[in-house]
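Asks: Protein chains in written order, with our numbering: chain A, 1 to 441; chain B, 1 to 283; chain C, 1 to 313.
Sharing a structure below in structure tokens format, with a few things to ask.
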Amino acid sequence: MTPLSRRTLLRGALGAAAGLGLAGCSAPVISGLSTGHEKAGSLDYWNLFGGGDGVRMTQMLDTFRAANPQISLSAVTLAWGNPYYTKLALATLGDKPPDVAISHLTRMKTLVGSDLLEELHLDDLARYGITPDKISATAWQAGLVDGKAYAVPLDTHPFVMFYNTDICQQAGLLDPAGKLIPWDSPEKFTDAMQKAKGITKAYGGVVSINGDTSTPWRIFQSLYSQLGGETLADDGRKVVIDDAKATQVLTFLQGITAGGLFPANIDYQGAVATFANGQAGFYFQGEWEISTFQTAKMPFSMTLFPNLYGGAKYAVQADSHTLVIPKQPNVDAARLDRSLLLIKSMLDQSKTWAEGGHVPTWLPFRDSAEYQALTPQSNYAAAADGAVYDPPGWYSGSGSNFEIVTGSAIATVLGGQQSPADALAQMRDQLTNLATTASPI
Amino acid sequence: MTVAEVTMESVERRVKLFNRICAGVLIAFAILWILPLAWALDTALKPNGETTNTTWVIHNPTLDAFVRTLRDTDILRWFGASMIISSITAIGTIIVASLAAFALSRMRFRYRNVVFWCVLAGIMIPGQVLIVPWFREFDSLHLLNTYWAVSLPQIPTAIAVFIFKQFFDGLPRELEEVARVDGASFWRVYRRIIMPLARPAVAAVAIFTFVQSWNDLLWPLLVLSNPEIMTVPVGLATVQGSFGIRYADTMASAVLGAIPLVAVFLLFQRHIVEGIAGTGLKG
Amino acid sequence: MSTTETPVRPRAGAPTPPPKQKRPEHHGLPAAGFLAPFLLLYLLFVIGPALYGLLMSFFDTSLVRPGLGSFAGLGNYAEALQSADFWSSLWHTVWFTILTTPPLIVVALLLALLADRVKRGRWFFRLAFFAPYILPSAVVALIWIFIYTPGLGLLETGLGKIGITSPNWLGDPNWAMPSLAITTLWWTLGFNFVLYLAGLQEIPRDLYEASAMDGATPWQQVRAITIPMLGRTTTLVAVLQVIASLKVFDQMYLMTSGGPNFGTRSILELVYDEGFTNFRTGYAAALSMLFFIVVLAVSAVWFALVRRQEKEV
Numbered sequence: 001m002t003p004l005s006r007r008t009l010l011r012g013a014l015g016a017a018a019g020l021g022l023a024g025c026s027a028p029v030i031s032g033l034s035t036g037h038e039k040a041g042s043l044d045y046w047n048l049f050g051g052g053d054g055v056r057m058t059q060m061l062d063t064f065r066a067a068n069p070q071i072s073l074s075a076v077t078l079a080w081g082n083p084y085y086t087k088l089a090l091a092t093l094g095d096k097p098p099d100v101a102i103s104h105l106t107r108m109k110t111l112v113g114s115d116l117l118e119e120l121h122l123d124d125l126a127r128y129g130i131t132p133d134k135i136s137a138t139a140w141q142a143g144l145v146d147g148k149a150y151a152v153p154l155d156t157h158p159f160v161m162f163y164n165t166d167i168c169q170q171a172g173l174l175d176p177a178g179k180l181i182p183w184d185s186p187e188k189f190t191d192a193m194q195k196a197k198g199i200t201k202a203y204g205g206v207v208s209i210n211g212d213t214s215t216p217w218r219i220f221q222s223l224y225s226q227l228g229g230e231t232l233a234d235d236g237r238k239v240v241i242d243d244a245k246a247t248q249v250l251t252f253l254q255g256i257t258a259g260g261l262f263p264a265n266i267d268y269q270g271a272v273a274t275f276a277n278g279q280a281g282f283y284f285q286g287e288w289e290i291s292t293f294q295t296a297k298m299p300f301s302m303t304l305f306p307n308l309y310g311g312a313k314y315a316v317q318a319d320s321h322t323l324v325i326p327k328q329p330n331v332d333a334a335r336l337d338r339s340l341l342l343i344k345s346m347l348d349q350s351k352t353w354a355e356g357g358h359v360p361t362w363l364p365f366r367d368s369a370e371y372q373a374l375t376p377q378s379n380y381a382a383a384a385d386g387a388v389y390d391p392p393g394w395y396s397g398s399g400s401n402f403e404i405v406t407g408s409a410i411a412t413v414l415g416g417q418q419s420p421a422d423a424l425a426q427m428r429d430q431l432t433n434l435a436t437t438a439s440p441i
Numbered sequence: 001m002t003v004a005e006v007t008m009e010s011v012e013r014r015v016k017l018f019n020r021i022c023a024g025v026l027i028a029f030a031i032l033w034i035l036p037l038a039w040a041l042d043t044a045l046k047p048n049g050e051t052t053n054t055t056w057v058i059h060n061p062t063l064d065a066f067v068r069t070l071r072d073t074d075i076l077r078w079f080g081a082s083m084i085i086s087s088i089t090a091i092g093t094i095i096v097a098s099l100a101a102f103a104l105s106r107m108r109f110r111y112r113n114v115v116f117w118c119v120l121a122g123i124m125i126p127g128q129v130l131i132v133p134w135f136r137e138f139d140s141l142h143l144l145n146t147y148w149a150v151s152l153p154q155i156p157t158a159i160a161v162f163i164f165k166q167f168f169d170g171l172p173r174e175l176e177e178v179a180r181v182d183g184a185s186f187w188r189v190y191r192r193i194i195m196p197l198a199r200p201a202v203a204a205v206a207i208f209t210f211v212q213s214w215n216d217l218l219w220p221l222l223v224l225s226n227p228e229i230m231t232v233p234v235g236l237a238t239v240q241g242s243f244g245i246r247y248a249d250t251m252a253s254a255v256l257g258a259i260p261l262v263a264v265f266l267l268f269q270r271h272i273v274e275g276i277a278g279t280g281l282k283g
Numbered sequence: 001m002s003t004t005e006t007p008v009r010p011r012a013g014a015p016t017p018p019p020k021q022k023r024p025e026h027h028g029l030p031a032a033g034f035l036a037p038f039l040l041l042y043l044l045f046v047i048g049p050a051l052y053g054l055l056m057s058f059f060d061t062s063l064v065r066p067g068l069g070s071f072a073g074l075g076n077y078a079e080a081l082q083s084a085d086f087w088s089s090l091w092h093t094v095w096f097t098i099l100t101t102p103p104l105i106v107v108a109l110l111l112a113l114l115a116d117r118v119k120r121g122r123w124f125f126r127l128a129f130f131a132p133y134i135l136p137s138a139v140v141a142l143i144w145i146f147i148y149t150p151g152l153g154l155l156e157t158g159l160g161k162i163g164i165t166s167p168n169w170l171g172d173p174n175w176a177m178p179s180l181a182i183t184t185l186w187w188t189l190g191f192n193f194v195l196y197l198a199g200l201q202e203i204p205r206d207l208y209e210a211s212a213m214d215g216a217t218p219w220q221q222v223r224a225i226t227i228p229m230l231g232r233t234t235t236l237v238a239v240l241q242v243i244a245s246l247k248v249f250d251q252m253y254l255m256t257s258g259g260p261n262f263g264t265r266s267i268l269e270l271v272y273d274e275g276f277t278n279f280r281t282g283y284a285a286a287l288s289m290l291f292f293i294v295v296l297a298v299s300a301v302w303f304a305l306v307r308r309q310e311k312e313v
């Protein structure tokens, strides 16, 4: 190529690139070069739902869009866990927060403490028909900070038990109506697993262990809180683990994998596959995996996580997804109205959301016959009332360092790599570290 | 044939065989290196349903993944943002660094040594060490989530000053001497004499700054939280879309993200390679 | 004329500067004008923040609270030096450096040696090896996460065809860091390759011809001529590599999120986590300072090495 034509080509290419880049983005260019420009009639919504939940959320958002053509809704999905909350905090600090965002109830407290959320005034909510009496009391009360509301709960998502109806039928674990006979002691649990294993010729049950800290925490916390145990107190400044109870639970968990009832070396996807393929009769996870098994067209049902220790008072690990409004740089009543409109729309579509397995907190739907008819989702609705949320603390909440620390210690016990005593010591040490660190909020 | 000639011939044959083996090994490695990008492109051309079969064969080739990515994500906006930020940074760096280097190279003033060593010290401070104070700084200036916040900290680059100074030092002085005697100002000398001659240095700094700015992740990740103004790396790293297990879409966004810089490389290959080689040889 | 501190290397063919005859002038004012833009930005965005960061490290500054927070003295430093997280991230960073630097030098040199022998098609090899270098880390991460995916990743399937079972590349605590190292090797080899190729071309051909006359095999030539003459390039490559490895962040953040269970978290990622996820900017500033000291130490070693080599030449 002669130098001249190459230069022309270069210039042309650069020009085209610049033009292409700038083509669809005059508004962002302005907003990128200056601060605080927002389009009229726009609404920004952030969530962390991927997979089946993501599909359902998209469906609900599309319904909102169809019903509200004058609002231009832009929804963004970010990676679950710490990355989501870090980005949300940075965006709010940087004066470009979304208008509405999803937040786990347990993480929302930290956001409130960091002064990153707008308070939701009851009269504003009432204008859109959102009143505390229409929301599940457990979730609503759990979300209040100093009596003020900052979040509207959308659902409660407890830890539940999936079971393969065919395998359980053959193992004689179902009652004449086809429902699982409940167990009220660890011995009955292991007995049932043994029977299921006899049918599958592989495993009785399965739970995700490798590369997953949330699930081991959840199964531990469910059993531990049935015993009445607590982990943190005083807003996370004190570690109050009851050694005896914790050891009891950890020993039990150690036993189920050591005895071959559960696989000891399996990750999240592997556990899903093991249950879907009928190699285990029982699967323990949050209810959101319902879509996976429905798509796999396998014979299954769901019920409450078994009450092995609790006796009268049922307890199970859970969290709630809530809708929050991050602190906005300017007061804009129209924007607030649009945000509340979106929140109400999400609540109104509780049925779609519940189909994804979540227990609705919107009472008009939860108490309806429609929800009762929705099985197996309605089987475990009681879990929402017995929901045990992660203890409050600036480093606590779903997907937080608290869960990473506890979950990884518990996973070593499930995986047979550490004894309950060692794992407990590890957990206590690391939690004490976190507890004694000065809180940044 | 003489004994010497026969020996030479067998040596030549041995060398030729050896060269062929070398070429073979090299080609094998080159193919290995191309595989990942080729695989990404291959997957991007499949419909999502086919991506779970790990095979190079595409039964139903389609551009749908690219269309979806271009339509449903903000990737075009990210291109624009990256383009603007990298351009501002490159232009800014060239202007600011060449001006400073000109002063250090061509002017006499009392504290020149001090200034020079201060600038040199800057090479020792990597930007990564400064992300925490930078965040506070731009937060208090209310400049977070703007292109300026990404670009400005990258402009005062000591290395660029160094490169220009080295280059200027190597330029002959006669031209300016004459001009200065005729009463030309320094600005004139800079603009009319020195900079036109500095094209190689400008090209090298421009390209390197542009590429480095485009590919930067850590600082833009902290600054840009609004998906509409994210750069390509930040956008790809942050926004999941509702694709999680849609591998064709993910690969399409990766391929699209790669295209601008691969184009830059193809157009400016020679400059890039010369630039690297130059820095290397200068040590 | 001016006396420069750094020795000016005259370009080939450039005339030597004229003898000092004029009386020295002082160009203080115009110099200030030329230096002002750079120095202003430098002060605002390098020196200023560096000092502010140092200041912050002595306080319990929070991301979400204004001001400096309560005075902590050396508390943040003490916490860092006693924290298992700090030492393990430092170790992860060092381990990453150890895993990547030798291959990035040796393989790059090997390929450059091979490419040097091949007369035609050099542009193809340059493209093949260097193209990855030009890509943003996010693109590299997306591609390699897919390649490493259990079950349907290219690597697992490919190795399976020759009878090797793959571990869970990114999920297995023993394989996560090596996986990141392999990705990094693919990504950044091209830079060293180009450097070495240029260095090889500087070596005079007659040295090789002379040794060939003496019956030296190619391997002997490499050992006796090539490698010693590439000494300076190798030092440069090694030091650049080590310093770049110390600053690693992208691969960990994008591909493993520092996991599994923080097993691959690098020191910069720890700064990010502590400062921006945990909101503890004072502590993160202290970590940054400690990180800076490590980088300084390595740079100082480089400086000493280069000085020694220059003296030898």
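Even glycine gets a Cβ: it sits at the ideal position worked out from N, Cα and C.
Is the separation between the beta-carbon of Asn-192 of chain C and that of Val-237 of chain C shorter than 8 Å?
Replies: Yes; because the gap between Cβ atoms is below 8 Å, this pair is in contact.
Asks: What span of residues does the alpha helix (DSSP H) with Leu-32 of chain B cover, start to end?
Replies: Looking at the DSSP string, the run of the alpha helix (DSSP H) that includes Leu-32 of chain B is 3 to 44.
Asks: Give the residues of chain B in contact with Val-160 of chain A, contact being defined as C-beta atoms less than 7 Å apart.
Replies: Residues of chain B passing the Cβ test: none, with the nearest at roughly 22 Å.
Asks: I'd like to confirm the pairing. Which residues does DSSP put opposite Gly-205 of chain A in its beta bridges?
Replies: Its beta-bridge partners are A:Phe-282.
Asks: Please go through the region 57 to 138 of chain A and give each complete alpha helix (DSSP H) segment of 4 or more residues, from N-terminal end onward.
Replies: 82 to 93, 105 to 113 and 122 to 127, all fully within the region 57 to 138 of chain A.
Asks: Tell me the start and end of each unbroken alpha helix (DSSP H) in the region 202 to 244 of chain C that is at least 4 residues and wholly inside, in chain order.
Replies: Runs of the alpha helix (DSSP H) inside the region 202 to 244 of chain C: 205 to 213 and 218 to 221.
Asks: Could you say if the region 34 to 41 of chain B and the region 208 to 216 of chain B meet the contact criterion of at least three C-beta pairs nearer than 8 Å?
Replies: With the cut-off at 8 Å, the region 34 to 41 of chain B and the region 208 to 216 of chain B do not touch.
Asks: Chain C partners of Tyr-395 of chain A, CB-CB under 9 Å?
Replies: Those within 9 Å of Tyr-395 of chain A in chain C are Asn-278.
Asks: Distance cutoff 8 Å, beta carbons only. Does Pro-169 of chain C sit that close to anything in chain B?
Replies: Looking at the sequence itself, residue 169 of chain C is Trp, so the reference to Pro does not match. Not closer than 8 Å to any Cβ of chain B, the Cβ of Trp-169 of chain C fails to qualify, so no.
Asks: Could you tell me the alpha carbon to alpha carbon distance between Met-8 of chain B and Leu-17 of chain B, rounded to whole angstroms?
Replies: Taking the straight line joining both Cα atoms gives about 14 Å.
Asks: So, helix, strand or coil for Phe-300 of chain A, using DSSP?
Replies: Here Phe-300 of chain A sits in strand by DSSP.
Asks: Buried or exposed: Ala-411 of chain A, going by 16 or more other Cβ atoms within 10 Å of its Cβ?
Replies: By the neighbour-count rule (16 or more Cβ atoms within 10 Å), Ala-411 of chain A is buried.
Asks: Name the residues in the region 291 to 308 of chain C whose C-beta lies less than 7 Å from a C-beta of chain B; which are they?
Replies: Those would be Phe-291, Phe-292, Val-295, Leu-296, Ser-299 and Val-306, in chain order.
Asks: Tell me, please, whether the CB atom of Ile-404 of chain A is closer than 8 Å to any CB atom in chain C?
Replies: Taking Cβ atoms only, chain C reaches closer than 8 Å to Ile-404 of chain A, which makes this a yes.
Asks: Buried or exposed for Gln-285 of chain A, please, with buried defined as at least 16 other CB atoms from any protein chain shown within 10 angstroms of its CB.
Replies: That one is buried.
Asks: So the beta strand (DSSP E) Val-316 of chain A belongs to, where does it begin and stop?
Replies: Segment 316 to 324, the beta strand (DSSP E) holding Val-316 of chain A.
Asks: Whose Cβ in chain C lies nearer than 7 Å to the Cβ of Asn-210 of chain A?
Replies: The answer, in chain order, is Gly-171.
Asks: Which of helix, strand or coil does DSSP assign to Ser-166 of chain C?
Replies: In the structure shown, Ser-166 of chain C sits in coil (DSSP, three-state: anything other than H, G, I, E or B).
Asks: Say whether chain C places a C-beta atom closer than 8 Å to the C-beta of Ile-207 of chain B.
Replies: For Ile-207 of chain B, the answer is no, since every Cβ of chain C falls outside 8 Å of its Cβ.
Asks: Mapping DSSP to helix, strand and coil, what is Pro-47 of chain B?
Replies: Pro-47 of chain B: coil per DSSP, three-state reduction.
Asks: Report the neighbours of Asp-267 of chain A on chain C: residues whose CB is nearer than 9 Å to its CB, in chain order.
Replies: In chain order: Pro-150, Asn-168 and Gly-171.
Asks: With 8 Å as the threshold, decide whether the Cβ of Leu-90 of chain A is near any Cβ in chain B.
Replies: Closer than 8 Å: yes.
Asks: Less than 8 Å between the beta carbons of Val-306 of chain C and Leu-287 of chain C, yes or no?
Replies: No.
Asks: Can you find a C-beta in chain A that's less than 8 Å from the C-beta of Leu-63 of chain C?
Replies: Interface residue, yes.
Asks: Give the straight-line distance between the Cα atoms of Ala-312 of chain A and Asp-273 of chain C, rounded to the nearest whole angstrom.
Replies: Going by the C-alpha atoms only, they are around 42 Å apart.
Asks: How many angstroms separate the CA atom of Ile-209 of chain A from the CA atom of Pro-167 of chain C?
Replies: Whole-angstrom Cα-Cα distance: 16 Å.
Asks: Excluding the five sequence neighbours on either side, which residues of its own chain have a C-beta within less than 7 Å of the C-beta of Thr-69 of chain B, listed in chain order?
Replies: Closer than 7 Å at the Cβ level, and outside the excluded window around Thr-69 of chain B, lie Ile-75, Asp-249, Ala-252, Ser-253 and Leu-256.
Asks: Touch check for the region 205 to 225 of chain C and the region 167 to 185 of chain C: three-plus C-beta pairs under 8 Å?
Replies: At 8 Å Cβ cutoff, the stretches do not touch.
Asks: Taking its Cβ as the centre, do 16 or more other Cβ atoms sit within 10 Å of Met-213 of chain C, making it buried, or is it exposed?
Replies: Met-213 of chain C should be labelled exposed.
Asks: Could you tell me the alpha carbon to alpha carbon distance between Asp-95 of chain A and Ser-140 of chain B, rounded to whole angstroms?
Replies: Near 11 Å, if we compare the C-alpha coordinates of Ser-140 of chain B and Asp-95 of chain A.
Asks: Restricting to Cα atoms, I'd like to know which of A:Thr-361, A:Phe-402 and A:Asp-429 is closest to Pro-132 of chain A.
Replies: Checked all of A:Thr-361, A:Phe-402 and A:Asp-429; the closest Cα to Pro-132 of chain A is A:Thr-361.
Asks: Could you please tell me which residues of the region 351 to 383 of chain A, in chain order, have their CB closer than 9 Å to any CB of chain C?
Replies: Taking 9 Å as the Cβ-Cβ cut-off against chain C, none of the residues of the region 351 to 383 of chain A qualify.
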